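J.: Chains as they are written, first to last, in my numbering: chain L, 2 to 367; chain Y, 2 to 367.
Just so you know, even glycine gets a beta-carbon here, dropped at the ideal spot from N, CA and C.
Please read these numbers as outputs of a predicted model, since none were measured by experiment.
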């Protein structure tokens, strides 16, 4: 594997020292920051994640903080999802869209205070979009990237571990609910969320001095639960149909193509960026959608979009793929044209190592 | 060295296959794309670059293309530099600034056609800023990232090699001049520019089918010149005082702090983003500036900002550093407070491996 060169531009996090001590083997770069991508190896990490509990340094899920009297008004311009029901008790997944209907990011929106909101972003400098919209519309908001670093606790034993560190109340949170929980005198924002299907939490570290005590508490309290350092796992997230911005969708894709119809409120389409384009797309019918795809044979790393063909015609592309030990196949995510997106469609996929047979699945594996 | 995990999100370029065949040892990620950072090793690469000629895959210098009748008007809103003298024969370095006076990027502006402009960017998604400004102001422009991939030819023998591939006229270009030059029936945009002080060119590949013939021609024609694959070299660029966005400056810094006074036109400050903040800064006096710093002793990798102290007071920070074989010292770039920025100021720098003695230099080493 080719190495990654250290520089200030590829930012370390408040947890990088601990991640390195835990034996991180490879990184990716996400929002100009180090994101671990394997520890014992992707298959060993996968099996452990599905059985035990892992602590993930996902500091790279940076926050775009919007603060001020026009904050909600600004944020509602950014997304076709109705955010009026947002509260400090529940966070919200919001697709954000440019004037051409293209996905700019797929963040989670959090009410961190009464007029302070965090847009917890995937891998693009969405801050620049929000800053510009604020500047051009003369809105009463401050937009910045605060020093807030999410740490995820994921896996079937995550509830048990979190109870020990934050008290029983934390385990009462339901999916996407959040609250403030005491740790070392601080009140940390914790949500029941995370980039796996194994259940879990995200802790939003605001005071960097608590990085070490938090990491240490989780490992000390989780010793008998076989806690270890982990990271978003390629195999597990594909099995579960968790999309990755930059991989499975880009600015070339609309939220409708990504399966986010339920987050597109028709009544908002006159007011949000890209709304008119999305309305046209709804009227004309969505032309391509994300689908689970199963692929036969040995696969190289999916480091580029793989063209898909059906009966010699271009049918779409595969954008993430990995061998699944539990399902005995290669699990994959593809963007499929309407004519070919039905379950059972037989396909050929063109990888850098040659053509492989593939089939559209009815649902993700979970 | 920790490995980097392949994924579609960290994009390969049209030259990555050739870079890999040439034995790339490490990468960094720049604009969500692979950028080689060493081949034979950073010191061996450095000596070769200063003597011969190298071909660099800098496809990650993506273009923000602005096209349409309002293109120049839009771009002039983005920068305090007067761009009215831009022509298809000369490109222009333009700091771009947010409403708070912070640097968003430090790109090169190129007139690629009569109403088509390329903003050739450093490492931030400046596209999102430009898209939003265009959308919010209802300007008649199209903003996109075209499939344009710069390939740099750098080093003292670069003129000789470029003449052989593009004809003698290309060597008549002066620094920052550009033009179209024939290659395999195509007319490629070539500028005399690049991220080294050894002289060189950048070729803007538009037709991906020409990636292989272009790479091959450069290597075939340069065999006796000892051409080899290379990349921006950390040591050489610090010696030459070439700043790196994300390392030596961020959104926390104004263009004045970065030494770009000559690119700030006072008459434009009422009309560009951040102009009022820059005017206040000019009136109050610039508080900190970038300076060359020489550091004693063994250094760890400069993978974070290193605090600088003078007589126990915080004096600034070092943001890039490397051992220079030619100068027998550690060359470094720092951001220094006014009280301490004079040449000769004695400093202490706090690295992750301990304190080191340092001194402000009068000029970069080149």
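For residue 162 (chain Y), which residues of its own chain have a beta-carbon under 7 angstroms away from its beta-carbon, when the five flanking residues on both sides are left out?
T.: 54, 154, 219, 222, 223, 226 and 228
J.: Let me know the beta strand (DSSP E) ranges lying completely inside the stretch 189 to 270 of chain Y, each 3 residues or longer, listed in chain order.
T.: 201 to 206 and 229 to 231
J.: Give, in chain order, every residue of the stretch 133 to 160 of chain Y whose Cβ lies closer than 7 angstroms to some Cβ of chain L.
T.: 133, 134, 136, 137 and 138
J.: Using alpha carbons as the reference points, say which of Y:211, Y:64 and Y:23 lies closest to residue 117 (chain Y).
T.: It is Y:64.
J.: What is the rounded straight-line gap between the Cα of residue 232 (chain Y) and the Cα of residue 9 (chain Y)?
T.: 22 angstroms
J.: Is DSSP giving residue 149 (chain Y) helix, strand or coil here?
T.: coil
J.: Rounded to a whole number of angstroms, what is the C-alpha to C-alpha distance between residue 140 (chain Y) and residue 337 (chain Y)?
T.: Taking the straight line from one Cα to the other gives about 40 angstroms.
J.: Is there contact here, the stretch 256 to 275 of chain Y with the stretch 288 to 308 of chain Y, by at least three beta-carbon pairs under 8 angstroms?
T.: The stretch 256 to 275 of chain Y, when compared against the stretch 288 to 308 of chain Y, does touch it at the 8 angstroms Cβ threshold.
J.: Assign residue 177 (chain Y) to one of three DSSP states: helix, strand, or coil.
T.: coil
J.: Name, please, each residue of chain L whose Cβ falls closer than 8 angstroms to the Cβ of residue 358 (chain Y).
T.: Under the 8 angstroms cutoff, chain L gives no residues; its nearest Cβ is about 21 angstroms from residue 358 (chain Y).
J.: So, using beta-carbon positions, are residue 294 (chain L) and residue 333 (chain L) closer together than 7 angstroms?
T.: yes
J.: Comparing alpha-carbon positions, which option in L:261, L:60, L:182 and L:51 lies nearest residue 164 (chain L)?
T.: L:182
J.: Residues bridged to residue 330 (chain Y) by DSSP?
T.: Beta-bridge pairing links residue 330 (chain Y) to Y:325.
J.: Could you check which residue in L:350, L:19, L:35 and L:102 has the C-alpha nearest to that of residue 314 (chain L)?
T.: L:350
J.: Comparing the CB of residue 43 (chain Y) with every heavy atom of the ligand ADP, is any distance shorter than 6 angstroms?
T.: Ligands are entirely absent from the displayed structure, and the ligand ADP is therefore not among its contents.
J.: Buried or exposed: where does residue 344 (chain L) fall if 16 or more other Cβ atoms within 10 Å of its Cβ makes it buried?
T.: exposed
J.: Of all the CB atoms in chain C, is at least one closer than 7 angstroms to the CB of residue 320 (chain Y)?
T.: This model lacks chain C altogether; the protein chains it does include are L and Y.
J.: Quick one: which residues of the stretch 252 to 277 of chain L get their C-beta closer than 7 angstroms to a C-beta of chain Y? List them in chain order.
T.: 274
J.: Step through the CB atoms of chain L and report whether any lies within less than 7 angstroms of the CB of residue 64 (chain Y).
T.: no
J.: Does the beta-carbon distance from residue 133 (chain L) to residue 130 (chain Y) come in below 7 angstroms?
T.: Yes, the pair counts as a contact, with Cβ atoms nearer than the cut-off.
J.: If we count the other Cβ atoms within 10 Å of its Cβ and call it buried at 16 or more, is residue 127 (chain L) buried or exposed?
T.: buried
J.: When you compare the CB positions of residue 3 (chain L) and residue 28 (chain Y), do they come within less than 7 angstroms of one another, or not?
T.: yes
J.: Using CA coordinates, which residue listed in L:331, L:353, L:272 and L:67 is at the minimum distance from residue 360 (chain L)?
T.: L:331
J.: Quick one, which residues of the stretch 217 to 233 of chain L are near chain Y if we go by CB-CB under 9 angstroms, in chain order?
T.: So nothing in the stretch comes that close.
J.: What does the alpha-carbon distance come out to for the pair residue 340 (chain Y) and residue 21 (chain L)?
T.: 38 angstroms
J.: Going residue by residue through the stretch 108 to 164 of chain L, where are the continuous alpha helix (DSSP H) segments of at least 4 residues, counting only ones entirely within it?
T.: 127 to 137
J.: Mind listing the chain Y neighbours of residue 110 (chain L)? Cutoff is C-beta to C-beta under 8 angstroms, in chain order.
T.: Residues of chain Y passing the Cβ test: none, with the nearest at roughly 18 angstroms.
J.: Is the CB-CB distance between residue 250 (chain L) and residue 104 (chain L) below 7 angstroms?
T.: Between residue 250 (chain L) and residue 104 (chain L), the gap from beta carbon to beta carbon is short of 7 angstroms.
J.: Would you check if there are 3 or more beta carbon pairs closer than 8 angstroms linking the stretch 71 to 85 of chain L to the stretch 173 to 193 of chain L?
T.: Taking 8 angstroms as the limit for Cβ pairs, the verdict is that the stretch 173 to 193 of chain L does not touch the stretch 71 to 85 of chain L.
J.: Please list, in chain order, all residues of the same chain as residue 199 (chain Y) whose beta carbon is under 8 angstroms from its beta carbon, the five residues on each side excluded.
T.: 50, 51, 155, 156, 157, 159 and 237
J.: Would you kindly report the start and end of the unbroken alpha helix (DSSP H) that includes residue 76 (chain L)?
T.: That run of the alpha helix (DSSP H) goes 72 to 79.
J.: Which residues in the same chain have their Cβ closer than 6 angstroms to the Cβ of residue 242 (chain L), if we skip the five residues on either side of it in sequence?
T.: Around residue 242 (chain L): 365.
J.: Please report whether the beta-carbon of residue 2 (chain Y) lies at a distance below 7 angstroms from any beta-carbon of chain L.
T.: yes
J.: How big is the Cα-Cα spacing for residue 188 (chain L) and residue 205 (chain L)?
T.: 10 angstroms
J.: Residue 342 (chain L) touches chain Y at which residues, Cβ-Cβ below 8 angstroms?
T.: Those do not exist, as residue 342 (chain L) stays about 20 angstroms from chain Y at its closest Cβ, beyond 8 angstroms.
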